[in-house]
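Asker:
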Amino acid sequence: MEILIFGAGAIGAFYGSRLAINQNVNVSVVCRSSYQAVKANGFSIKSPLFGDYKWMPTRTFANSSDARRAGVKWDYVVVSTKALPDVSDDSELVEGLIGEETAVVLIQNGIGVEEPYAQRFPSAVILSAVTITSAAQPEPGFIQHHRFTRINSGAYPKDHEKATSKNSVFVDLLTKAGIDDASAYSAQKLQMLRWHKVAINAAFNPTSVLSYETDNPSMVQDADMYEHMKGVIEEVLEVAQKLTGSQLPKEFPTAAQILDNAKKSPKGSYPSMLADWRGQKKMELEVILNNPIQMARSKGLAVPRLQTMYALLRRAQATREQDFKSNL
């Protein structure tokens, strides 16, 4: 079996290193910024669950063009890049890598990330995946796995025999590699899970940036911020249930449970959007905030909390970029 990780950052490299444990499975990577380090030495992974180990991908590519020239027939192309539709359409970058038997697995944050792939590859199997794994790549080729391993995947836009089979095989490979909480969801349940994670991201990520870099436990221990974040989560979940026509599964944590659990986070735990802000990188504003806003508006639903945060952060990001260009 041939698997390609497109965007082998922290999350992609972590899951790639686990998938590669399976016998008769080749796992290759496309990693742009860390190409030289990974090509020379592979990945060094440090994990509280799996220990310290090294992984040398079967093939290491600097870009998608190199991957296309390799002529491999990929069984799975796992896309684990940040979803930044305001910067680029990553579905275009994987064109030429998707064959008749290839399944595209999207391990990305946000709402609506699947649609560009579904439109570009109408006959391909698209699997949508949601993870809560916490990992970082502090330097090229070094992956620090912090917490959790859970990943859930399901077909997009709907279940059918081929997609269900491809999804089951992918989840089975993960569980055999020690990811015990990998599971296959129905297409409908997976979309609700995606909305549930967006509710969490929309509450924690923008709030941390807008509150002058507050960490997770401090945000939820502040009474006013707690109420704000609870309101954001409930706003998103209410819209999600109306748009999907389904109720939130009982096993999904409520807003209060999410926030109370965050109180247990260690001091200095920050959401990923803050890291992008600090690094002067583009933030995932479109897929976490604006796509849900536009979908809600299309059905006549108001999301004032999301709209406020999106307007403020979009302007802040644009102003920072203008200031940077003026100082060159």
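Numbering follows the numbering used here, with no gaps: position 255 of the sequence shown is 338.
By construction, the Cβ of each residue, glycine as well, lies at the ideal position given by its N, Cα and C atoms.
(1) Use the C-beta contact count for Gly383: other C-beta atoms within 10 angstroms, 16 or more gives buried, fewer gives exposed.
(2) Please return the same chain residues whose Cβ sits closer than 7 Å to the Cβ of Ile415, not counting the five positions on each side in sequence.
(3) Report all residues from its chain with a CB closer than 6 Å to the CB of Asp359; omit the five preceding and five following residues, and keep chain order.
(4) Measuring straight from C-alpha to C-alpha, what distance separates Gly237 and Val113?
(5) Do Ala267 and Asn284 have their C-beta atoms closer together than 8 Å?
(6) Strictly by DSSP, which residues pair up with Ala186?
(7) Less than 8 Å separating the beta-carbons of Gly193 and Asn374?
(8) Span of the alpha helix (DSSP H) holding Ser409?
(9) Which first and last residues belong to the beta strand (DSSP E) in which Asn109 is found?
(10) For the beta strand (DSSP E) that contains Pro221, what are its first and last residues?
(11) In whole angstroms, what is the alpha-carbon distance linking Ser409 and Gln400?
(12) With a floor of 4 residues, list each alpha helix (DSSP H) that falls wholly inside the region 90-151, ordered by position along the chain.
(13) Please list the terminal residues of the continuous alpha helix (DSSP H) segment that includes Tyr200.
(14) Assign Ile94 to one of two classes, buried (16 or more other C-beta atoms within 10 Å of its C-beta) or exposed (fewer than that).
(15) Assuming Ala338 and Ile316 are in contact, meaning their beta carbons sit under 8 Å apart, how far apart are those beta carbons, in whole angstroms?
(16) Could you spell out the range, first to last residue, of the beta strand (DSSP E) harbouring Ala265?
(17) Among Asp169, Val177, Gln324 and Ala260, which has the Cα closest to the Cα of Trp157?
Answerer: The short version:
(1) Exposed is the call here.
(2) What is shown of the chain runs 84 to 411, which leaves residue 415 out entirely.
(3) So the list reads Met366, once near-sequence residues are dropped.
(4) Distance from the CA of Gly237 to the CA of Val113, rounded to the nearest whole angstrom, comes to 24 Å.
(5) Taking a C-beta distance under 8 Å as the contact criterion, Ala267 and Asn284 do not qualify as a contact pair.
(6) Note: Ala186 sits in a beta bridge opposite Tyr159 and Val208.
(7) Taking C-beta atoms as the reference points, Gly193 and Asn374 count as a pair closer than 8 Å.
(8) Note, Ser409: alpha helix (DSSP H), Pro387 to Ser409.
(9) In the DSSP annotation of this structure, the continuous segment of the beta strand (DSSP E) that includes Asn109 starts and ends at Asn109 to Val113.
(10) Following the DSSP letters along the chain, one finds Pro221 inside the beta strand (DSSP E) bounded by residues Ser217 to Glu222.
(11) Going by the C-alpha atoms only, they are around 14 Å apart.
(12) Listed in chain order, the alpha helix (DSSP H) runs fully inside the region 90-151 are 93-102 and 118-124, counting runs of at least 4 residues.
(13) Its alpha helix (DSSP H) spans residues Glu198 to Arg203.
(14) Residue burial is scored here from C-beta neighbours: Ile94 has at least 16 other C-beta atoms within 10 angstroms and is therefore classed as buried.
(15) Confirmed, Cβ separation roughly 4 Å.
(16) Ala265 to Ala267 is the span of the beta strand (DSSP E), which, as asked, contains Ala265.
(17) Looking at Asp169, Val177, Gln324 and Ala260, the one whose alpha-carbon comes closest to that of Trp157 is Val177.
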